[in-house]
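A quick write-up on the structure given underneath.
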Ligand code: GDP
Ligand code: MG
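Residue numbers (UniProt numbering): 3 to 599.
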């Protein structure tokens, strides 16, 4: 296809504003899908994606559209991941396009994530076409949302396209706007090959499939190519596009988006953002913007039943086949047994993997408290990075510690602002900006990531009744007064419960955990102290009193029903007991303590 007849675009939208529904409609109208196939959302192809309404792995489709001017165009629609954890993948998808459809729910208006994506899109010099979706809803307020787009985003909205993706209104208009308003790609097709690796995934039939945008030159079947950042060479055995069904092609020329396969076994052999060129007469300079992905949040994953360890190992390895952005290594804990220490791009990424292991692989798992990556400067000048409290060096050897900070943008209706400001303040936040648009506040905070991984989203959602949206970017490391807090049962530290916390937050977290354990650990014939300590200093304590011989259920302190359940399980012989200084603790107690977050 000549460059003048190609349009590459993505759809940006806040979650639930209708991105997937619109994409499916565009595919349907241009003939890629039948009505029946339409009924299953095509672009979100995993269960969890469907349920949570987020897109985890990007999928791209090629549409042929004959416009009102009689010309036929090749439209490449790039679906981008819908969450901040995947910001780098999003940036590469955007870099592969010349324009974007900005889908805004006409009843909800502009949200924080809309904004973040729009700014990124503008940074990539995209032509942005506003689309007001869900105009079929009685609550739709087109004029108000147009005003918001102009005031908040600064885009002219008078030419916004009005759609109902659900009922199929305005779809032709969207396609016409794509052709008329989004510029065609540029690129010298006779120059040496440069193709950007946008995404990759594992397909059981094809092996690793790589999504590319050809920037210059031509990518052909049978070519020997080099992945410049990775430093590896491969033979291209397939070239094609998705409509959304796979169609094989002979080549992809500059300006085009499509996929290749090259007998690659694992997605970890492909790096998003890498430049693909030919081995012979290849490009000498890679495309700008390559970044290696790095895990931001870590936690331990343990099977509840130790017998499931091998199954967990297999399942994790399988998941990793399709997601090179999480890491894992073996970890063993006295309280929880054998498991894995895993690294993720962010909290949502962690949740997704955890959920897939539970659901798709039918594993019962226990997750330890998430940790960020700290930098430790030792008194002897050495530096190390730390993401597991278990590896924390002796305090006397530590000179300084640094922790990652983020800049967060929270967007919420005015009435919830007070509670949100307090939450951010409690989490050591530094307010940077506060602006209003109508009755909505947009507040910018700098926050330690450590405070955000600890139930921040949940609190934010409950304070705002789900109306606040949250978006963040990392802004680097800053010194912090961080300490390792141990939880001790009968004077013995319990490894799975230790955590790295800010000194100020230690006492309340410690107290919280002690109270919880008091409820969860069954009484013994002697008193059991439960303590939270920093180094040798106890900062919180609870005591489980001794059990009298004639004990009956009503004598138990704490949460009776929970304790009863524990005891019942114990009776069935299911419980795995751990000994802590002659105290027997059912493993369920740890699990419950950790699960309560
Ligand atoms: P995404 O998260 O942006 O991909 O949003 P989806 O396409 O998954 O849509 C979210 C929800 O909004 C789904 O329940 C859709 O059926 C619904 N939806 C999408 N478009 C429309 C529309 O035009 N009108 C109405 N009433 N609902 C819509
Ligand atoms: Mg979607």
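Think of the CB as a built atom: it goes at the ideal place given N, C-alpha and C, for glycine as much as any other residue.
Heavy atom of the ligand GDP within 8 Å of residue i beta-carbon
i           : result
residue 139 : yes
residue 119 : no
residue 283 : no
residue 17  : yes
residue 21  : yes
residue 105 : yes
residue 135 : yes
residue 314 : no
residue 116 : no
residue 263 : no
residue 165 : yes
residue 24  : yes
Whole-angstrom distance between residue j and residue i, CA atom to CA atom
i           : j           : result
residue 3   : residue 234 : 30 Å
residue 329 : residue 304 : 15 Å
residue 13  : residue 128 : 11 Å
residue 445 : residue 413 : 6 Å
residue 511 : residue 442 : 33 Å
residue 104 : residue 133 : 6 Å
residue 495 : residue 107 : 51 Å
residue 16  : residue 472 : 11 Å
residue 319 : residue 203 : 14 Å
residue 11  : residue 100 : 6 Å
residue 289 : residue 296 : 20 Å
residue 577 : residue 173 : Confidence at residue 577 is low in this model, with a pLDDT of 46, below 50, so the placement of that residue is unreliable and no value is reported for it.
residue 402 : residue 505 : 13 Å
residue 137 : residue 167 : 9 Å
residue 250 : residue 64  : 12 Å
residue 183 : residue 126 : 16 Å
residue 386 : residue 479 : 13 Å
residue 593 : residue 587 : 11 Å
residue 33  : residue 20  : 20 Å
residue 395 : residue 333 : 17 Å
residue 602 : residue 326 : Look at the range of the chain in this structure, 3 to 599, and you will see that residue 602 is not part of it.
residue 390 : residue 591 : 21 Å
Residue i: CB within 8 Å of a non-hydrogen atom of the ligand NAP
i           : result
residue 169 : For the ligand NAP, the structure offers nothing, since it holds only the ligand GDP and the ligand MG.
Contact under 9 Å by Cβ, residue i with residue j
i           : j           : result
residue 595 : residue 525 : no
residue 351 : residue 299 : yes
residue 219 : residue 238 : no
residue 87  : residue 346 : yes
residue 208 : residue 263 : yes
residue 548 : residue 520 : no
residue 381 : residue 408 : no
residue 468 : residue 447 : no
residue 488 : residue 500 : yes
residue 321 : residue 365 : no
residue 266 : residue 196 : no
residue 213 : residue 205 : no
residue 449 : residue 367 : no
residue 258 : residue 76  : yes
residue 273 : residue 252 : no
residue 383 : residue 341 : no
residue 2   : residue 164 : There is simply no residue 2 to check, as the chain begins at 3 and stops at 599 in what is shown.
residue 361 : residue 170 : no
residue 221 : residue 276 : no
residue 509 : residue 542 : yes
residue 405 : residue 374 : yes
residue 485 : residue 540 : no
residue 306 : residue 589 : yes
Bridge partners - residue i, DSSP secondary structure assignment
i           : result
residue 107 : 135
residue 406 : 479
residue 639 : Any property of residue 639 remains undetermined from this structure, which presents the chain solely from 3 to 599.
residue 228 : 235 and 279
residue 471 : 413
residue 533 : 490 and 543
residue 102 : 12 and 130
residue 71  : In the DSSP output, where bridge partners are listed per residue, residue 71 has none listed.
residue 504 : 484
residue 78  : 10 and 64
residue 400 : 380
residue 222 : 253
(message) Going residue by residue through the stretch 157-209, where are the continuous alpha helix (DSSP H) segments of at least 4 residues, counting only ones entirely within it?
(response) Correct list: 173-183.
(request) Give, in chain order, every unbroken run of the beta strand (DSSP E) that is at least 3 residues long and sits entirely within the stretch 244-285. (result) Segments of the beta strand (DSSP E) lying fully in the stretch 244-285: 248-251, 253-255, 259-263 and 277-280.
(message) Ignoring anything shorter than 4 residues, give me the alpha helix (DSSP H) runs that lie fully in the stretch 329-394, in order along the chain.
(response) Listed in chain order, the alpha helix (DSSP H) runs fully inside the stretch 329-394 are 349-361, counting runs of at least 4 residues.
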